[in-house]
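Here my numbering is used: position 6 in the sequence shown is 155, and no number is missing along the way. Beta carbons are placed, not taken as given, at the ideal position from N, Cα and C, and that holds for glycine. Since we're looking at a predicted model, the values are computed, not measured.
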Amino acid sequence: MNITVRGYRKQDLPSMIEIWNEVVEEGVAFPQEELLTDTTGKQFFDSQTCCGVAEDTDTGNILGLYILHPNNVGRCGHICNASYAVRSDMRGLHIGEKLVSDCLLQGREHGFGVLQFNAVVATNVHARHLYERLGFVQLGTIPKGFRMKDGHYEDICPYYHEL
């Protein structure tokens, strides 16, 4: 398997929507509750500053994706935010690391100075270990900041990385 991270193309949208919706349906990482349709998915991904996909160049299959956009406006507009999603059957293959690393580069190229994650679920230990290994700094803990799919609350941990 040869994995390349590149900007998304129109033909990637069905796979991107499927991967995104899989994470939303799991209900343990993304704050969104509404699933994307073909129409809302195109609008959603087109509205981002940058979207990257992890492609298996041997098969052409899309294995994961990220979105990158401003975290705020005006005097805080230099801070960006991102989300990552990897197909459940492809997790554990370091695809997330490739996505985050590319996202850091794209953040710089798009003129951002800081990448901030507002709501990393504390129990998402694989993501947290990856972020910390790549130099992200945890800002603290927000008790019960994320409502899980089953209705109970988990702590969230904001992170940042200077670009």
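Taking C-alpha positions only, Val222 is separated from Val263 by approximately 13 Å. For the options Phe261, Cys306, Glu204, the alpha carbon positioned closest to that of Arg224 is the one of Phe261.
Judged by their CB atoms, Asp304 and Ile291 are nearer to each other than the 8 Å cut-off. Thr208 and Met239 have their C-alpha atoms roughly 14 Å apart. In the pairwise beta carbon analysis, the stretch 248-259 is classified as touching the stretch 279-288: at least three pairs are separated by under 8 Å.
With contacts defined as CB atoms closer than 8 Å, Leu217 and Ala231 qualify as a contacting pair.
Taken through DSSP and simplified to helix, strand or coil, Thr189 comes out as helix. Across the set Val177, Ala178, Ile168, the C-alpha of Ile168 shows the shortest separation from the C-alpha of Asp187.
Cβ-Cβ separation between Cys199 and His259: approximately 6 Å, consistent with a contact (criterion under 8 Å). Closest option to Ile166, judged by alpha-carbon separation, among Arg257, Val202, Asn267: Val202. For His310, the enclosing beta strand (DSSP E) covers residues 302-311. Remark: C-beta atoms of Leu184 and Val177 do not approach each other more closely than 8 Å. Collapsing the DSSP output to three states places His218 in a strand. The C-alpha of Ile228 lies about 13 Å from the C-alpha of Pro307.
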